[in-house]
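For the record, the sequence lines run as chains A and B. So the number in the working numbering is just where the residue sits in the first sequence, counting from 1, plus 53. For the second sequence, position 17 (counting from the first letter as 1) is numbered 15 according to the working numbering, and the numbering increases by one without interruption. Written out below as structure tokens is the structure these notes cover.
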Amino acid sequence: MSEKKQQVTRRQFLNYTLTGVGGFMAAGMLIPMLRMAVDPVLQESGAGDMVNVGLSVDDITDEPQRVDWNVEQVDGWHESEVNQTAWVFTDENGDIQAFSPICTHLGCFVSWEGSDDHPNEFFCPCHDGRYYKDGTNVPGTPPLAPLDVYEHEVRDGMLFLGQAKSRGEA
Amino acid sequence: MKWKKEDLNQYVQAKEYIDTVIIPLIPFQFTDEQNIEKNAFQSEVLSILTNEIEKELTGRVMLIPNYYYIKSSDLDDESTILRGWTEEIKKQPFKHVFFLTFDSGWKKREGKLDGTLLWLPGVKSGDLHSAEMHTVIKDQVEQIGELIRSYW
Ligand code: FES
């Protein structure tokens, strides 16, 4: 009798512990899911993070110059420093422009005056893609959209850049 | 582009634009303890180099998965296997094949490879994260990129 009773207790005990473990597992699964659901909301405020790219506004001229900086990026499996680049200059209105160097055709690196044959333009070496100084793609060359534009901000005379935004097809 | 799902999705739709292939040739060997660190280091550097080149020229270049082989193996045999690779690759509209390596052994077998061998005199050691190494790698990337473009 006492033995039987003990067995029941053991079973109960197991039941309790297993429910406990199951609860933990469920929580373990649910919490990341919750986070995923909530994260985008949280990120919204962080997405506009502007980074000081180490360029003084006084050094920006009407000649596009290459600016490199690093940002932390976490993409699930890796946490890494990613190199970012922009072409920065002031346009004819004196406004600061910061273009992404990523070709809108298939993603090669676009350079200001990258080809001697096409002065005063951005040039993509991969398939001779071209963009005017204002970033618009030259019709008849492979890219179908203008270069992306970085959000920018000036704080204490230093240039801060954010996300590169597409300008859509043109 | 790389041997990655998203890239290949794009590749299949834009094949005619991607006409260049890069195949990194990387030796490894555990028995040669004297050179084990050097070999590993060069393998790391080569991966960084090829990744950077791919990044600059991604719209026209496909970076093939690394070709690893035992350092002491007969490179004639290895080149036979590599001919199989290039045969397979050339079924696609790829026009240019570049082999990138730090292993000077390939220099003598250049003729046996169906493509252009770019043998880079090796960096032997150093700190991958140091500023000097960054400059060295950036320079190399620029020069190799220019060389590849000269074939286009
Ligand atoms: S990737 Fe720039 S023109 Fe094709």
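Beta carbons are placed, not taken as given, at the ideal position from N, Cα and C, and that holds for glycine. Remember, it's a predicted structure, so these values are computed and weren't measured experimentally.
Chain B within 9 Å of residue i, Cβ atoms only
| i | result |
| --- | --- |
| Phe176 (chain A) | no |
| Phe162 (chain A) | yes |
| Pro199 (chain A) | no |
| Pro195 (chain A) | yes |
| Glu97 (chain A) | Residue placement at Glu97 (chain A) cannot be trusted, given a pLDDT of 40 that sits under 50; what the coordinates show is reported in the next sentence. No, Glu97 (chain A) does not count as interfacial toward chain B. |
Chain-order list of residues whose beta-carbon lies under 6 Å from that of residue i (same chain, five-residue window excluded)
| i | result |
| --- | --- |
| Ile68 (chain B) | Gln27 |
| Gln40 (chain B) | Phe100, Gly120 |
| Leu73 (chain B) | Gly103, Arg107 |
Test: residue i CB closer than 9 Å to a CB of chain A
| i | result |
| --- | --- |
| Ala129 (chain B) | no |
| Val81 (chain B) | It is worth fixing the name first, because residue 81 (chain B) is Arg in this sequence and not Val. By this cut-off, Arg81 (chain B) is not an interface position. |
| Lys53 (chain B) | yes |
| Trp150 (chain B) | yes |
| Gln138 (chain B) | no |
Chain B contact residues for residue i, given Cβ-Cβ distances below 9 Å
| i | result |
| --- | --- |
| Leu283 (chain A) | This structure does not reach residue 283 (chain A), given that chain A is present from 54 up to 223, and the question cannot be answered. |
Residue i and residue j closer than 9 Å at C-beta
| i | j | result |
| --- | --- | --- |
| Ile146 (chain B) | Thr18 (chain B) | yes |
| Trp165 (chain A) | Gln126 (chain A) | no |
| Arg220 (chain A) | Pro199 (chain A) | yes |
| Leu55 (chain B) | Leu98 (chain B) | no |
Residues that residue i contacts on chain A, provided the C-beta gap is smaller than 9 Å
| i | result |
| --- | --- |
| Arg107 (chain B) | Under the 9 Å cutoff, chain A gives no residues; its nearest Cβ is about 30 Å from Arg107 (chain B). |
Close beta carbons around residue i, own chain, < 7 Å, minus the five adjacent residues each side
| i | result |
| --- | --- |
| Pro91 (chain B) | Lys13, Glu14, Asp17 |
| Gln65 (chain A) | none |
| Phe162 (chain A) | Pro154 |
| Asp112 (chain B) | Arg81, Thr84, Val95 |
Beta carbon proximity, residue i to chain C, threshold 9 Å
| i | result |
| --- | --- |
| His180 (chain A) | Among the protein chains in the structure shown, which are A and B, there is no chain C. |
Neighbourhood of residue i by C-beta, 8 Å cutoff - its chain only, sequence neighbours within 5 removed
| i | result |
| --- | --- |
| Ile149 (chain A) | Val110, Ile113, Val141, Phe142, Thr143, His205, Val207, Leu212 |
| Lys93 (chain B) | Asp17, Thr18 |
| Asn37 (chain B) | Pro25, Phe26, Gln27, Asp30, Lys69 |
| Gly167 (chain A) | Phe175, Phe176, Cys177, Pro178 |
| Gly129 (chain A) | none |
| Gln138 (chain B) | Leu47, Leu118 |
Margin query: Please output, in chain order, the residues near the ligand FES using a CB cut-off of less than 7 Å to any non-hydrogen atom of the ligand.
Written below: A:Cys156, A:His158, A:Leu159, A:Gly160, A:Cys161, A:Val163, A:Cys177, A:Cys179, A:His180, A:Asp181, A:Gly182, A:Thr194, A:Pro195, A:Pro196, B:Tyr15, B:Gly57, B:Arg58
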